[in-house]
Structure formats: C-alpha cells, structure tokens
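Numbering (the numbering used here), first residue to last: 1 to 170. The C-beta atom is built at its ideal place from N, Cα and C for all residues, glycine as well. Since the model is a prediction, treat every value here as computed from it, not as a measurement. So the structure is just underneath, and the comments pick up after that.
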Amino acid sequence: EESEKANNSFDYFNTLSRTSSFNTSPIPILTTSSLTSKVPKKTVTLLLPKKRKRKKPFGVHLQAEKVSIIHKDHHHGNISSQVRNIQYQAKCDLVEQFPSLSTTINLLISDNLRPLLLSLSPSMIGDLVFQLRTVLFSPLLLMVQSWDVVLCVCIRFLHQVSLILQSVEN
C-alpha cells in the first residue's frame with residue numbers, strides 16, 4: 001500500500017509539472033534599454049588655477065595654487081562654542097527623556113564642573129552617582145539622539161569625581 005501511495009503521489013507531481021509547464025508564459029527577453037535606469041548623469045567640474053606658474057613641482061598635469069580661507073569668527077581654531085551647543089542639545093534631549101532628573105542633568109552638563117563638585121557634600125555626590133546610574137542603565141537612554149555626547153559627559157563627570165577623591169585621600 002505504501003508503494004502505491006508513493007507511486008500515486010509521484011504521478012500526481014509529474015502530471016502537475018507537465019500541465020504547469022504548458023501554462024507558463026515564456027521568459028521575457030531583457031534589452032539594454034530595460035536594464036538602464038533613467039537616473040540623470042552626474043557632472044563634475046574641476047576648478048583650475050587662474051594663472052599658471054612657471055615652477056611645476058607636481059609635474060605638467062597637476063598644479064598648485066595658494067588659497068585663503070575666510071573665518072567668520074575671530075577666534076581661530078576655537079571650537080568651545082560648538083562644544084557648548086552640542087552639550088546643550090544633549091542636555092535638552094536628556095531632560096526631555098528624564099524630566100524627574102533635571103537637576104542631576106543640569107549638574108552633569110555644566111561648564112564649571114569641578115568647582116561645583118567641590119561645593120557639594122559627599123552624600124550629594126553619592127546621590128548624583130546613583131542618579132547617573134539610573135540614566136545609564138535606562139532603556140530610554142537609547143532614545144536620546146545624542147547619547148554618545150551624554151556618555152562623554154558622564155565619563156568627564158566620573159573623572160572629575162575620581163580626581164576630587166584622589167586629592168582628598170592625599
């Protein structure tokens with residue numbers, strides 16, 4: 001009986017594959033126009049120096065020209081305002097996710113952290129560290145867009161706490 005069932009099922013699949021092979025449409029022929037996309041081609045322009053120099057230190061095909069960069073601010077190389085803006089955005093994101101810890105967040109992300117920590121009692125610093133633990137182990141931290149900045153600020157805070165502890169021990 002089992003061999004008859006196997007033969008019948010084999011015949012069924014054979015007839016099914018034969019009938020379905022007649023009903024399928026032919027394979028479409030791909031042309032080069034169907035393969036190319038209608039994306040516009042990009043154009044690249046190279047700015048060449050306005051005047052050619054007699055000395056060609058890089059050969060005939062590559063020439064160098066001195067350029068000057070105009071800075072908007074007068075503090076050349078000073079990025080402190082950019083860092084403050086990034087930290088302020090991180091503080092806003094954190095306060096939005098953790099409104100009950102706004103005081104802790106404001107203390108963590110402050111410009112003058114060391115004098116602030118020196119003015120706090122040891123129990124208040126312990127509370128800050130505990131609340132920092134709450135922030136770091138919360139799944140809401142991943143929802144903060146600037147979580148990498150938050151981690152950097154936390155490392156800075158912990159480093160300042162360790163420096164204060166070292167100075168107290170000595």
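- Residue nearest to Leu113 within the set Trp147, Ser162, Met143 is Ser162 (criterion: CA-CA distance).
- Scanning the region 121-166 from its first residue to its last, the whole alpha helix (DSSP H) runs of 4-plus residues come out as 122-136.
- For the pair Ile79 and Leu142, the Cα-to-Cα distance works out to about 27 Å.
- Distance from Leu128 to Leu116 at the Cβ level is roughly 10 Å; contact not present, criterion being Cβ atoms closer than 8 Å.
- Taking the CA atoms as reference points, Ser68 sits about 36 Å from Gln145.
- Under the three-state reduction of DSSP output, Asp93 falls in the helix class.
- In the structure shown, Ser110 adopts coil according to DSSP, grouped into three states.
- As the crow flies, the alpha-carbon of Asp93 is around 12 Å from that of Leu101.
- The three-state secondary structure of Thr104, taken from DSSP, is helix.
- In this structure, Leu132 lies near Thr104, with their beta-carbon atoms less than 9 Å apart.
- For Ile79, the three-state secondary structure derived from DSSP is coil.
- Shown here, Glu65 sits in coil according to DSSP, grouped into three states, outside any helix or strand.
- Each of Ile109, Lys66, Leu136, Arg84 was checked against the Cα of Arg156, and the nearest Cα belongs to Ile109.
- Straight-line measurement puts the Cα of Glu65 at about 54 Å from the Cα of Phe137.
- Taking every protein chain shown into account, the CB of Lys42 has fewer than 16 other CB atoms within 10 angstroms, so this residue is exposed.
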